[in-house]
Amino acid sequence: MPEIIEKKVNLQFPLGHHLHCLIAQIPNHLHREAGFHPVEQQQQWQTIRSVLELVAAGEGNLKKLHFLLFPESCLPVNRFDPLLEAVRDTFRPNTVTMIGVEHVPLQEYRRFLERFRADNEEAIALVDRDIDAGDVLEMPVNWCAILVKEADGGLRVFLEAKSHPFHGEEFIDKYHDLYRGRHFYLLRSKPSCFNFMAIICLDYLYRNLYESNIKQIVDHANQLFFSTRQVLDALFVIQCNPKPEHHAYRDAVSGFYGEYLEDLPGVREAVTVFGNASDETRLEGLPVPQGFGHASVVINRHHRLAKEQFPEFSTDDFNGAPVCRLRFGSGTRLLYFNLPLHHELDPRSSRVPLKIHSIMTRNPSGGWEKIPATEPADGYWIGSETEH
Numbered sequence: 024m025p026e027i028i029e030k031k032v033n034l035q036f037p038l039g040h041h042l043h044c045l046i047a048q049i050p051n052h053l054h055r056e057a058g059f060h061p062v063e064q065q066q067q068w069q070t071i072r073s074v075l076e077l078v079a080a081g082e083g084n085l086k087k088l089h090f091l092l093f094p095e096s097c098l099p100v101n102r103f104d105p106l107l108e109a110v111r112d113t114f115r116p117n118t119v120t121m122i123g124v125e126h127v128p129l130q131e132y133r134r135f136l137e138r139f140r141a142d143n144e145e146a147i148a149l150v151d152r153d154i155d156a157g158d159v160l161e162m163p164v165n166w167c168a169i170l171v172k173e174a175d176g177g178l179r180v181f182l183e184a185k186s187h188p189f190h191g192e193e194f195i196d197k198y199h200d201l202y203r204g205r206h207f208y209l210l211r212s213k214p215s216c217f218n219f220m221a222i223i224c225l226d227y228l229y230r231n232l233y234e235s236n237i238k239q240i241v242d243h244a245n246q247l248f249f250s251t252r253q254v255l256d257a258l259f260v261i262q263c264n265p266k267p268e269h270h271a272y273r274d275a276v277s278g279f280y281g282e283y284l285e286d287l288p289g290v291r292e293a294v295t296v297f298g299n300a301s302d303e304t305r306l307e308g309l310p311v312p313q314g315f316g317h318a319s320v321v322i323n324r325h326h327r328l329a330k331e332q333f334p335e336f337s338t339d340d341f342n343g344a345p346v347c348r349l350r351f352g353s354g355t356r357l358l359y360f361n362l363p364l365h366h367e368l369d370p371r372s373s374r375v376p377l378k379i380h381s382i383m384t385r386n387p388s389g390g391w392e393k394i395p396a397t398e399p400a401d402g403y404w405i406g407s408e409t410e411h
């Protein structure tokens, strides 16, 4: 199973105040050839760049943004450097950008790790162990980048490869198999004491007969709690997923928050953010699925999130799971909301677990504009239930 590597990052988040997250639920148009690759690379980059420019401008309260989440496999690899430049030169300090990158051969992924060796030293050793063990240099890698712009303005670059074996479980063809990533990062921000991870789609579910990724994450977070009294505060799941409502996700969510077999203090108050590609996503050579979209935010049921139904989002318990879930629609949207504070119930009656600050859609000029909230005018408040 992948190794969890802890890294300290210098992020000075506001103490005692909620943090802000933006999910870019944008489309992917991919074709398959030894992995998946963007079809219209320039158009895809223009969409990504429009989001980066919006964040850099910081209109309204976007200047308070802390976490930016893009879909799996959405960034053309030849636009990786422009992405780094945009984040380094235009983003505010104390921001984290998580984005899935176009599939590349393992030897190219290894070169990216070497380029950012200072932040990926342990990951390089794990990849080199696989390279020494067999003929794997041409295997495609589904990977993501976690870009941390620290409080002093410096940029840290952490790279992860998806650990799920993908097509290799179904086809005896090594060129349709994916390299299995060997590590996840647990980023521990100082002095804020906010700990978070990012994983890719099916890595949330992947398990074998004896182990599972999620169980490993839970056990590591529990050990963190027992040794330091810190916890895993947020888990970000980067997706290009046609079946975000699959029962397997509900099962994993239930186990993560349910405390069925053991007490789980390390993740009890963790916020899980699922960021998906929108319903305009197309995968060439495969049947046209209808299920993309529906990014969501999942928190412990003791937050007592009231059940609501609006055109752009709803709240529920994920078909009876021991959670409260905020579920968005399937269209191409930017979804800006706050991450709940760690405590279950705030005694101040004016406080609620979640607020959606804005939902944005594309305008004819290629930019983004707000979809007006129904009430109140300044945002979507999601209230709390007074009783179970």
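Heads up: take any position in the sequence shown, counting from 1, add 23, and you land on the working numbering. Ideal placement from N, C-alpha and C gives every residue a C-beta, glycine not left out. As the structure is a computational prediction, the values presented were derived from the model and not from experiment.
Runs of the beta strand (DSSP E) lying entirely within the stretch 223-251 and spanning at least 3 residues: none are present. Collapsing the DSSP output to three states places GLN262 in coil. Here ALA79 carries a helix assignment [DSSP, helix/strand/coil]. Look at LYS87 here: in three-state DSSP terms it is helix. Spanning the alpha carbons of LEU45 and GLY298 requires a straight line of approximately 9 Å. For ILE169, the three-state secondary structure derived from DSSP is strand.
With respect to the C-alpha of THR118, the residue from HIS89, GLY389, HIS187 having the closest C-alpha is HIS89. GLU161 counts as exposed, since fewer than 16 other C-beta atoms from the protein chains shown sit within 10 angstroms of its C-beta. When C-alpha distances from GLN35 are compared across ILE28, GLU173, ARG230, the shortest belongs to GLU173. The shortest C-alpha to C-alpha distance from ASP302 to any of LEU91, GLY316, GLY308 is the one to GLY316. Using a C-beta cut-off of 8 Å, the stretch 28-43 makes contact with the stretch 204-220, since at least three inter-stretch Cβ pairs fall below that distance.
Pairing LYS330 with VAL260, the inter-Cα distance amounts to about 23 Å. Note on geometry: alpha-carbon atoms of PRO50 and GLU63 lie some 11 Å from one another. In the displayed model, PRO345 falls within coil according to three-state DSSP, outside both helix and strand.
In this structure the stretch 246-265 touches the stretch 119-135; the number of beta carbon pairs closer than 8 Å is three or more. Taking a 10 Å sphere around the C-beta of THR338, we find 16 or more other C-beta atoms and assign the residue as buried.
The C-alpha of PHE279 lies about 19 Å from the C-alpha of HIS187. A distance below 7 Å separates the beta carbons of VAL159 and LEU129. Along the stretch 38-125, the alpha helix (DSSP H) occurs as fully enclosed runs of 4 or more residues at 64-80, 103-113, listed in sequence order. Note on geometry: alpha-carbon atoms of LYS393 and ARG230 lie some 40 Å from one another. According to DSSP, TYR132 shares a beta bridge with no other residue.
Its chain contains LEU178 as the residues whose beta carbon lies nearer than 6 Å to that of ARG111, once the 5 sequence neighbours on both sides are disregarded; these appear in chain order. The Cβ atoms of HIS52 and HIS60 do not sit closer than 7 Å to each other. Scanning its chain for C-beta atoms nearer than 7 Å, with the 5 sequence neighbours on each side dropped, one finds around LYS86 the residues ARG115, in chain order.
DSSP links HIS206 through a beta bridge to GLU26. Scanning its chain for C-beta atoms nearer than 6 Å, with the 5 sequence neighbours on each side dropped, one finds around PHE336 the residues PHE351, in chain order.
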